[in-house]
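Notes follow the structure.
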Amino acid sequence: MPIQYYIFLCLTLFCIGIVGVLTRRNAIIVFMCIELMLNAVNLLLVAFSKMHHAASVGNNPATTAGIEGQLFVFFIMVVAAAEVSVGLAIIVMMYRNTHSVDINFLNRLKN
Amino acid sequence: MGTIQILFYFLSALAIFSAIMVLLSRNPVHSVLWLIAVFFAISGHYVLLNAQFLAIVNLIVYAGAIMVLFLFVIMLMNLNAETEPRKHIWMKLAGVVSGGCLLMMLISLVRQAVEMGGKKAMMAEGNIGLIKNLGHALFSDYVVPFEITSVLFLSAMVGAVVIGKK
Amino acid sequence: MISVSLILIPVLTGILLFFSKKAAAARTGALLAAIATLVAAVAGIFFLSPADLSFDANWLPEFGSRFRFSADGMGKMLVLLTAISFPVILVAVRKNEYRNPGSFYGLLLLSEAGLLGVFLATDALLFYFFWELALIPVYFLCSAWGGEKRIAVTFKFFVYTFLGSLLMLVGILYLYFNNPQHSFSLQSFYELKLSTAQQGFVFWLFFIAFAIKMPVFPFHTWQPDAYEQSPTAVTMVMSGIMVKMGIFAVVRWLLPIFPAAAASNANIIIILSVTGMLYASLIAIRQDDIKRLIAYSSIAHIGLMCAAIFAANKTGLQGVMIQMFNHGVNVIGLWVVADAIEQQLGTRKFSELGGLAQKAPVLAILFVVMSFANIALPLTNAFIGEFLMFNGLFHYNILITAVAGVSVILAAVYTLLMVQKVLYGNTSSVTENASETGGNIKWVLVVLVIIVIALGVYPQPVIDLTNDTVSAVLGK
Amino acid sequence: MNAIIVSALLGVVMMFTGIISQKKSVHTAVASVGLLLLLLANLLNHYGLFVIHVDTRGMFNFEQFGMYFNSIAIFATLVYVLLSGKTIEHTGVSTADFYALIFFVLCGVSILSGFNGLLMLFLGIEIMTIPLYILTGADKRNLKSNEASLKYFLMGSFSTGIMLMGITLIYGATGTFTMGESNVIGSGGLIPKTSFLEIAGAILIFVSMCFKVSAAPFHFWTPDVYDGAPGVFTSFMATIVKAAGFIAFVRLYENNTAMLGPTWRILLSFVIISTLLIGNITAVFQQSVKRMLAYSSIAQAGFMLFALYSANDLAKEGILLYSVAYSLATIGIFAILIKMKDYTFDGFNGLAKSQPLLAFAMAVCLLSLAGIPLTAGFFAKYYMLASVVKTGGSLWLVVIAVLFAAVSAYYYFRVIQAMYFKDGEAELMELTPAFKTGMLALAVLIILVGIFPTIVLNFFYF
Amino acid sequence: MSKLVYLVPLFPLLGFLVNGLGRKSLSKPLIGMIGSGSVLASFIVSVLVFFDVKANGGTVVTLFDFIKADGFTIPFAFQADQLSALFLLIITGIGFLIHLYSSAYMHEETEEHFGRFFAYLNLFVFSMLLLVLGANYVIMFIGWEGVGLCSYLLIGFWFKNNDYNYAARKAFVMNRIGDLGFLLAVFWLLLKLGTVNYGDVFANVSRLSSFDITAITMLLFVGAMGKSAQIPLYTWLPDAMAGPTPVSALIHAATMVTAGIYMISRSNILYTLAPATQTLVAVIGLATAIFAATIALKQNDIKKVLAYSTVSQLGYMFLGLGVGAYTGAVFHVMTHAFFKALLFLGAGSVIHAMHHEQDIRKMGGLKKYMPVTHLTFLLACLAIAGIPPFSGFFSKDEILTATFAKNPVYYFAGVAGALMTAFYMFRLYTLTFLGKFRGTHEQEHHLHESPWQMTFPLIVLAVLSVAGGWIGIPEVFAANAHSLEHFLSPIFADSAKLGEAHHLEASQEYLMMGVSTLLIAGIIFFAVTHFKKDGVVTGAEETGIGKVLENKWYIDELYDAVIVKPLNAFAGFCKSVIEKSGIDGLVNGVGKLVGYGSRQMRLLQSGQVGNYILIMVLAMVVFFLVWFNDATIYQFFNKIF
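Protein chains in written order, with numbering that gives the first Met the number 0: chain A, 0 to 110; chain B, 0 to 165; chain C, 0 to 475; chain D, 0 to 461; chain E, 0 to 640.
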């Protein structure tokens, strides 16, 4: 597939994630939208990885060019998992204190 | 149009549609489910790209572990459609517009990026996505970052404990 | 070496005094240190070889900055002024009670060190350091021991001068990086060949800093408030010595480095200064407070000095030199009187004063002499300075001199108004029980009056002392 | 490498210390010793002595610069723990865990000072920030702390997303994550406009780095988080972590002389000016010293950004000195602030009378932040301004910075005014003599650096 | 002897120091003796100097270099020549008499103030001597301002009265206006010639352009206007009568106010070369002479009449200077010093006797109580009126004759002024000494002749007033009779060379003298008979021109309305509007703006994550836009700086 297709797709997903962050007030949904953004990045990385692979595989069929993109995705997943554990812990902590997951509910810190 | 193209379009449409539905669903549980659908679509893409390892991991880690965690939390809190107050309409509009602007900006950039022209992602071929190759790279060239992620996990673990402790 | 001791004596004593709890000990210690500094200064200036006033040590080699001290004639004169002023000030305020006397006198001595450093430093970075070192203690002094509105007023003063010095810092950096030797030394700055365009912008960075310090119209508004609100000892330091920093800096750091810009901007600056002279004189006429009146009068005098500097001829500059010293002496004398009155009667308002000449004739006479020195009557020291400065200005432009000359008339108006309102007429309810002032103040004033008359009759020593600076600055 | 390994190990050690001993003072003691060890290990690194020899396969590039910074960060943390250890003990039950998290953060800091390649940058930033989310929320019962934690977490993750997209776009254009090979970042106006992908990626990374160092207009998390987090941890975040962000930022751009291209500078000057503007101006009207310090940290970030703007040797030296000066002063101020009963300006009224020594130390710290000569802060600012002037242009930017520096004097001096010139009873929690001595030593250190900045710099350059 | 000329000012200086510092411990007689004695010593030295000069010509004594600056040296030098020697005699001679007089007149004062008075008087004599002795314009200026200072101090001698203080201040400030002109002239000389020494200046006049000379002389004349109370700067002199009467006699009649004449005579060569200035001097002098005379017609304060008379006489002197009759002007200075000092001292004697009553409407018939005073006063009146052979006749005649040669209009106007002089002087004389006493019984009871310290000076001065003119008998009467002219001729030699010689016909001169003397005698007769009648003096308000004259043409009010009030108002405007709201307002406004900005900018920090991220996203969009809109903005900025 032409790489542009993937780029467009991933950017679209990424921006949908951003719009979600901007438009929702539920902390969990906001967090999920951030995960969506990460996934868009992941897909784009894999696509790029295959693109770079395709570029160099012609010269050397045994090349592992492009593999770093996929490994990066792996690390992103690791980080995302860690983030989720911490993030959900924080959200639960907040819920325990306020019985709300509305990000605008807590509004003591401003100005 | 070959199968791969059809599949690509189908998965793309599915991903985008599901992603939009994540935003639009009033009920958080539905959102989670739609998001899982997105993850599935993306996993499908991975398969198309012959990134088998990631496809599996994505399903297991994301769709499986992470999203289930989300579901648990949501259910634990007993959230439903009514619990989320709605954002002001102007705020929503502003969010959509600015997100849209960013998208248009990025896309126009990519369209002008001539060096991307003609480049293709290798579909269903190439073996770098195989577990064997990935594993080899991970434990040779990438062993340091791999070890370092353990620190990340440790800290996340300690953090979760600190937060969770009474 | 002696130059370093000039700094070290006040700094070390000042720090020591912070720990002294007893007022008497603090007073005496400060006075002794100030006198020791004076002795060192006199020895260094008159009795030792010029090399003794120079000092050069490694400080920040990576920056091209060295701990360089040396004094030309102007530096010597101002060092002398500082060294004389501090004992005089300390004696004059000896009877005053201050909270935390240790800190008070300690800070005063620190400011002395800063001032001496400014006058001695020949390294731009060092100069900047001392420039600020002189400011900070004064800020604390004013804010802690000042009048009712002290915090806001001194803060305005502080921010104003701080802003100025930061702009100067930018200017210094600019010169530094345009300097092939990568050195902060004054000499290397003098050797810079800056294009007219380069001079134009950086000149103002420096000038604004100095103009705020002097202060030149329209950068002066911090000054009357600060003088009014500060404890008088500090006001004396500020107006007697600190404002000289600005003038000193213009002569030493501005004119020789930016000759082209100074020449092309001279018109603007002279017109500003002259406007300031008249403006301040007019405002002084309408003041009801001794301190504010003296403050505005000081602005007028400084305006003349600034104008004379930029007239850029030897006569005018010579006048500026001598006037720097004389203005210091005179204005300190006026503050001493103002303080004596305020300490005794608790007011500085003309409307509440009057008839002091009956109650305190000696003070009255000394006050009158200082006042006439303030309006530059011949045979007082200020006449020489004003004569030379006006003369220099005359060489620059006849019309401007004539306009500036009006301030001479206005000076007579407001000074005599002050004399009349304070000394003459019948006693008021406040001054009814006034008595002759204390011995310390009398003797301080007598010393000042002697200086005033002596330099008024025979000013040549000061002229000779500073001649080298004048030729050097204008020779460039 | 030593620092990364040792700090990770020490983190684990701290976790176990928490299990072995319940005495909080023991935790602090162990942490202090650990920090000393860490400092030692890092110093050894300078001489080429390693704990374990690791082949990083180009993932790291340990240079002197990064290691100097490590030493600074570890030293600052040591100072921080010595001064505020008591308060950490009072903050929550899990003292040992807090220390463990701090060690993990230090691990992240060490990664950021030695990373080579965008992968390690990403991992370093995550390792550094994830413990901070926790520390911010450490005061679990406090809603402010909760709120701060949540805000920080959401915005932090969002910026991670932005950064990842940036990295990905660059990868797409160049096929590598290693910085040496991708000369993208900052090559600015010099590269052909066809590399739009790279530029877009670079901008996105720039944005997320700006977020990390709280440069406007990506600074919004800073005041809220700094204000909501427990004071001790704010102190840590505002100093060491922030400085590390800058080091990462600088290292990201270093060796890219091409970055001096004009367009980058437009973006940077826009960011610098708005950071200075927002940081300084907003700080003016704050009533709480803690929140004022949050804004002031933004303002200081504006100054530190000059190091990026000028990107020369002076800037690199300067950012180190700035880190020292800024961190020491801020740690000092926070150490006193968190002992105060009242965080507002009025709470400081009359402190000079009841605690002259502390007031003096605090005043020195504040003067240093304001950049008054004879304090370390002066030379920090000096370096920043000098580095820009050295580039030979942009004097206007320096003048603007200087104007804002004058504004900054306003809010720093408000505290001094409150302490020295206003009457009141400033209330403090109980103080140990050791604390006072520590504060005095800190003040002396700040003054010493202010007179002889080369001591610090020469120390690092051996 | 001329080498010792510095002793002349030295004695009064010592007297000043001794009296000033020791005024609390010395007794009144001792103070009086020190004060008078020091001036007497000066007088003796002056006499010696005078004869030395007469015999051997002038000399310059340099004490030390006062200012040695770039390009010029101003020595502290004294010049003893004919002109200064003459002035020395006048100053020290009359000064001594007045000191003597004062020791009695001021007797009521306490020791301290008595000492202060003598200290001031001595300081004045010192300054005045400096003024006339100085060998350059700067030393003259020192004396010039010094006498102003003493005038200030002495006018405000009774400092409890704020009106007096105001008068003192007014005198000083108005003098300062003139001084500024003087100073500018000095600068001009320094600029063009690089020297201010008389000798060098006068030798180098050729190096000055005519514009320079005109400007310098005009500026110097401004100085003279202030010091010598000419229109428009004359109003301080009548007010200066607030001071003790001996002060008025010494400073405001005999010596200080003639400083302007001295200065112009000294610079005569410059003025001769500046015809425009000469015309101005003549016109101003004449205008002042007549204007002040008209005011004097209607004044009722004995000292005010004399004050306006002084202004008027000074006007004559300037008229003389303006027409080039330098000798005449100096001559008139001398005779005027005699008779005006005498008049003031006589008036002082009257006031002393009347217990500080100065209104002539409340006097009358004092003749029988104070014979000496009366007689001397009468002689002085005759002298000032210009009756031959009293001194005033000769000097005034010399001036008027010179004016006729220059321009007959000056002459006729001058004669008219002389008639008015005669009228108001005899009005004053008659109201004071003739007729019936109009004061209270209390006052009448205490009327007495003054002690010898006061009458002795009166008698001496009366003799001088009568005979003083004989050293300047016009050439018409006898060749070489004008010894003064011969004596002064070296001073005016250069001017004389340049000036065209215009001698009138002897018959014409006789005619003019005769007619004017007759007219004056007629006026005197009219005045005496008119005012001798009882009931001439009524309390009724004057009307019409009389009222205007009584109110001094409302000049003070005019100055107040045109200069003082607007200036004050403008100063107030500067203080409260420009300073407070304008400049300081701007400075504080910046502070307020920052505060306002702070409060507004705070609102950006809304506390809502959504908003924060929204701004971040927008900023990103902006970044992209900026990037792809080229580097124009940046280049724009860098071009500016």
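Idealized CB from N, CA, C, for every residue including glycine.
In the DSSP assignment, the alpha helix (DSSP H) including residue i goes from what residue to what residue?
i	result
Q4 (chain B)	2-23
S64 (chain C)	That residue, S64 (chain C), is in no alpha helix (DSSP H); its beta strand (DSSP E) goes 64-68.
C380 (chain E)	370-384
Q343 (chain C)	313-344
K226 (chain E)	209-226
E508 (chain E)	505-531
K533 (chain D)	Chain D is shown only over 0 to 461; residue 533 (chain D) falls outside these bounds and no answer can be derived.
I65 (chain B)	From DSSP, I65 (chain B) is part of no alpha helix (DSSP H); its letter is neither H nor E.
L378 (chain C)	It is not in any alpha helix (DSSP H) - L378 (chain C) carries neither H nor E in the DSSP assignment.
Using DSSP's beta-bridge definition, name the partner residues of residue i.
i	result
F71 (chain E)	E:A68
A404 (chain D)	Paired residues: none, contrary to the question.
V59 (chain E)	E:Q78
L47 (chain E)	According to DSSP, L47 (chain E) bridges with nothing at all.
H116 (chain A)	Lying outside 0 to 110, the shown extent of chain A, residue 116 (chain A) is not represented and no answer is given.
F114 (chain D)	D:F59
Measuring alpha carbon to alpha carbon, tell me which residue in the options is nearest residue i.
i	options	result
L134 (chain C)	D:T159, D:D226, D:V448, D:L373	D:L373
F647 (chain E)	E:D555, E:L617, E:V221, E:L207	There is no way to answer for residue 647 (chain E), as the model of chain E reaches only from 0 to 640.
A202 (chain E)	E:D493, E:G588, E:D555	E:D493
L336 (chain D)	D:F347, D:S326, D:L327	D:F347
Y410 (chain E)	E:K546, E:L188, E:A288	E:A288
I215 (chain E)	E:Q78, E:A404, E:V195	E:V195
T393 (chain D)	D:L402, D:G370, D:S309, D:T55	In the sequence as presented, Thr is not what sits at residue 393 (chain D); that position holds Ser. Closest option to S393 (chain D), Cα to Cα, is D:S309.
List the endpoints of the continuous beta strand (DSSP E) containing residue i.
i	result
W58 (chain C)	54-59
**Report entry** Interface positions of the stretch 344-363 of chain C facing chain E (Cβ-Cβ less than 8 Å), listed along the chain
**Finding:** Correct list: G354, A356, Q357, P360.
Query raised in the report: Mind listing which residues of the stretch 169-202 of chain C have their C-beta closer than 9 Å to chain G's C-betas, in chain order?
Result: In the displayed structure, chain G is absent; the protein chains listed are A, B, C, D and E.
Report task. State whether the stretch 423-432 of chain E contacts the stretch 373-383 of chain E, with contact taken as three or more CB pairs (one from each stretch) at a distance under 8 Å. Result -> Taking 8 Å as the limit for Cβ pairs, the verdict is that the stretch 373-383 of chain E does touch the stretch 423-432 of chain E.
Query raised in the report: What are the residues of the stretch 586-615 of chain E that lie near chain D, defined by any Cβ-Cβ distance shorter than 7 Å?
Result: Flagged, chain order: V593, G594, G596, S597, R598, M600, R601, Q604, G606, V608, Y611, I612, I614, M615.
Report task. Examine the Cβ distances between the stretch 554-569 of chain E and the stretch 445-460 of chain E and report whether three or more of them are shorter than 8 Å. Result -> Taking 8 Å as the limit for Cβ pairs, the verdict is that the stretch 445-460 of chain E does not touch the stretch 554-569 of chain E.
**Report entry** Cβ pair count under 8 Å reaching 3, the stretch 59-77 of chain D against the stretch 131-147 of chain D
**Finding:** Contact between the stretch 59-77 of chain D and the stretch 131-147 of chain D is not established, with fewer than three Cβ pairs separated by less than 8 Å.
Requested in this report: Determine, using beta-carbon pairs with one atom in the stretch 107-121 of chain C and one in the stretch 353-364 of chain C, whether at least three such pairs fall under 8 Å.
Outcome: Not touching, per the Cβ criterion.
Query raised in the report: For the stretch 131-146 of chain C, which residues have a beta carbon sitting closer than 8 Å to at least one beta carbon of chain D?
Result: Per Cβ criterion, the list reads E131, L132, I135, F139, S142, A143.
Report task. Decide if the stretch 437-446 of chain D is in contact with the stretch 90-98 of chain E; the criterion is three or more beta carbon pairs, one per stretch, under 8 Å apart. Result -> No contact exists between the stretch 437-446 of chain D and the stretch 90-98 of chain E.
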